[in-house]
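Scroll down for the structure; my scribbles are underneath it.
There are 2 protein chains.
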Amino acid sequence: MPDEVFMKTPATPPRRPRDGTLRTALVDAGVALLRTRGPDGLSLRECAAQAGVSHAAPAYHFKNLAGLSTAIAARGYSLFCTAMTARLARAANSPTARLNAICHGYLDFASAHPELFLFIFSGQQLDKENDDFAQHSSNAYGILREACAPFVQPGAEPEEVEILVWSVVHGYAHLTMIHKADNPKFRENWPKLDLLLEHLDRALETAVKT
Amino acid sequence: MPDEVFMKTPATPPRRPRDGTLRTALVDAGVALLRTRGPDGLSLRECAAQAGVSHAAPAYHFKNLAGLSTAIAARGYSLFCTAMTARLARAANSPTARLNAICHGYLDFASAHPELFLFIFSGQQLDKENDDFAQHSSNAYGILREACAPFVQPGAEPEEVEILVWSVVHGYAHLTMIHKADNPKFRENWPKLDLLLEHLDRALETAVKT
DNA sequence: CAATCAAACTTGACACTGTCAAGATAAGTC
DNA sequence: GACTTATCTTGACAGTGTCAAGTTTGATTG
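Each protein sequence line maps, in turn, to chains A and B. Just so you know, we're using our numbering here: the first sequence kicks off at 31 and counts up by one. Just so you know, we're using our numbering here: the second sequence kicks off at 31 and counts up by one.
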């Protein structure tokens, strides 16, 4: 290739696009690392290597490992939202159908991205002041809040229903993911989500009637 | 100090008791580290330093960092059991009173040892073949199973009730701990556990009646 | 068009980590 | 009292996060 003097980009690596390309590439690498190497496999240097940049490049965009972790968690919440809205789109228009739909979406996300689900709720220090994270996580809660609204009795706090619903579906999803690799005897009798939702729906109905 | 030749113990540190002293001291140090420095503050070398031994001493007793983590998790499950049985001892003898008691015990443990609670359920790789861990964790589940037994309908799988109850209380406890440091506006309207238990008890009652 | 400037990295260093191999030392046993 | 073995220590190595300083490069400006 004799005319490499003409093309300035291939000679020196064309990294410097002044958009967020590297940012998203690093988050992609982080998600992949979590999936392939487990919760402890995430590392700034390995993300940098997978993205083809030097070991200190991630620190420029994310400051800390906590910063990268927060960006990964924000990505997770974004996928969370799409999973729930996807189920909502196919649901009937009744309040209980919509409530059950977002619960199934919650579990869909956990099943499709167990490493991200556990990562988000691992209790590690995330930068909750971060705009991206705050927006996506509050979006997710907003979807839950909307689906719960029809079951809030007049004069009652909406959180009473929201935290009840959230507790049931989150507890079920979390325990399911935590015990995913456990002995099959335990997993064989593991009840389906719909079985819990029957109880939940009944509890919310009776609560309205009384 | 001229007569240091007489006292052999102070010259060379008297470490070698051939019982599990160092083991428990290292687990103590690990629990303390988790509390003071957060989920990422656990380290074999720091545990060794706090216990006053060399940096490689923990590897002899626990093989891996995963081994130490498993021992810490086993300690957590043990405290889990004592928290639930303590509430059971003070509970009335009705099935619902006993069920609510273990749920409160579950939350007691999470509130008293948030770092251990989150550590146990952080989804990291623990050695579930380990005898100590297996025994204590199955003990904890046994307590739950016993309290749920009166609500299992004849012919039904006990897991249906157990996972329902476990999901509700675990989801509530986990979400509470995860959002402990969040904005106070959220925490102000956070419902009490008893409010969820009312719904749970009612759901189990109606399930029996139908 | 050339000089400048700041954004987007790279390079190098440091302290810290887990893990392994090899050695030391004391406890218990015969 | 010699031997064996459990319990550590010492030393080394690769890998990690983080910081400081330099370097390249796209854009801006005179």
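Ideal placement from N, C-alpha and C gives every residue a C-beta, glycine not left out. Just so it is clear, the structure is predicted and the values come from calculations on it, not from any experiment.
- Counting only Cβ-Cβ distances below 7 Å, Asn219 of chain B has contacts in chain A at Glu187, Glu189, in chain order.
- Taking the Cα of Thr100 of chain A as reference, the smallest distance to any Cα among A:Phe149, A:Pro184, A:Leu174 is reached at A:Phe149.
- Secondary structure note for Phe216 of chain A: its alpha helix (DSSP H) is the uninterrupted segment 214 to 218.
- A straight line joining the alpha-carbon of Ser73 of chain B with that of Gly60 of chain B spans about 8 Å.
- Any Cβ of chain B closer than 9 Å to the Cβ of Asp212 of chain A would place that residue at the interface, and such an atom is present.
- Here Ala186 of chain B carries a coil assignment [DSSP, helix/strand/coil].
- With contacts defined by Cβ atoms closer than 9 Å, Asn130 of chain A and Leu205 of chain A do not form a contacting pair.
- One finds Arg232, Thr236 in chain B with Cβ atoms closer than 8 Å to the Cβ of Thr236 of chain A, taken in chain order.
- Not one beta carbon of chain B lies nearer than 9 Å to the beta carbon of Ile102 of chain A.
- DSSP places Glu159 of chain A outside any alpha helix (DSSP H), giving it a letter other than H or E.
- The criterion of a C-beta distance shorter than 9 Å is not satisfied by Ser152 of chain B and Ser168 of chain A.
- Between the region 83 to 99 of chain A and the region 50 to 58 of chain A, the count of Cβ pairs shorter than 8 Å is three or higher; the stretches touch.
- At least one C-beta of chain A is nearer than 9 Å to the C-beta of Phe149 of chain B.
- DSSP places Arg75 of chain B in the uninterrupted alpha helix (DSSP H) bounded by 74 to 81.
- The three-state reading of DSSP puts Asn130 of chain A in helix, counting H, G and I together.
- Under the 9 Å criterion on CB atoms, Gln165 of chain A is classed as non-interfacial with respect to chain B.
- Taking a Cβ-Cβ cut-off of 8 Å, the neighbours of Ile193 of chain A in chain B comprise Tyr202, Leu205, Trp220, Pro221, Leu226, given in sequence order.
- Counting only residues of its own chain and dropping the five nearest sequence neighbours on each side, Ala127 of chain A has a CB closer than 8 Å to the CB of Ala121.
- Under the three-state reduction of DSSP, Asn94 of chain A is assigned to coil, being neither helix nor strand.
- His166 of chain B sits buried, since 16 or more C-beta atoms from the chains shown fall within 10 Å of its C-beta.
- In terms of Cα proximity to Met114 of chain A, the closest of A:Val199, A:Asn94, A:Leu98 is A:Val199.
- Contact between Ala81 of chain A and Leu56 of chain A holds, since their C-beta atoms are separated by about 5 Å, short of 8 Å.
- For Pro144 of chain A, the enclosing alpha helix (DSSP H) covers residues 144 to 150.
- If you look at Asp58 of chain A, you'll find it in the alpha helix (DSSP H) that goes 51 to 67.
- CA-CA distance, Glu145 of chain B to Gly68 of chain B, rounds to 7 Å.
- The Cβ-Cβ distance between Leu118 of chain A and Ile132 of chain A falls below 9 Å.
- Between Arg175 of chain A and Glu192 of chain A, the beta carbon gap of about 6 Å places them in contact (Cβ cut-off 8 Å).
- In this structure Ala79 of chain B is not in contact with Leu156 of chain B, their Cβ atoms being roughly 24 Å apart against a cut-off of 8 Å.
- For Gln183 of chain B, no CB of chain A lies under 9 Å from its own CB, so it is not counted at the interface with that chain.
- In this structure, the alpha-carbon of Ile173 of chain A lies about 32 Å from that of Ala142 of chain B.
- Any Cβ of chain A closer than 9 Å to the Cβ of Asp70 of chain B would place that residue at the interface, and such an atom is present.
- Assignment of Pro221 of chain A by DSSP, reduced to helix, strand and coil, places it in the coil class.
- A distance below 9 Å separates the beta carbons of Ala233 of chain B and His229 of chain A.
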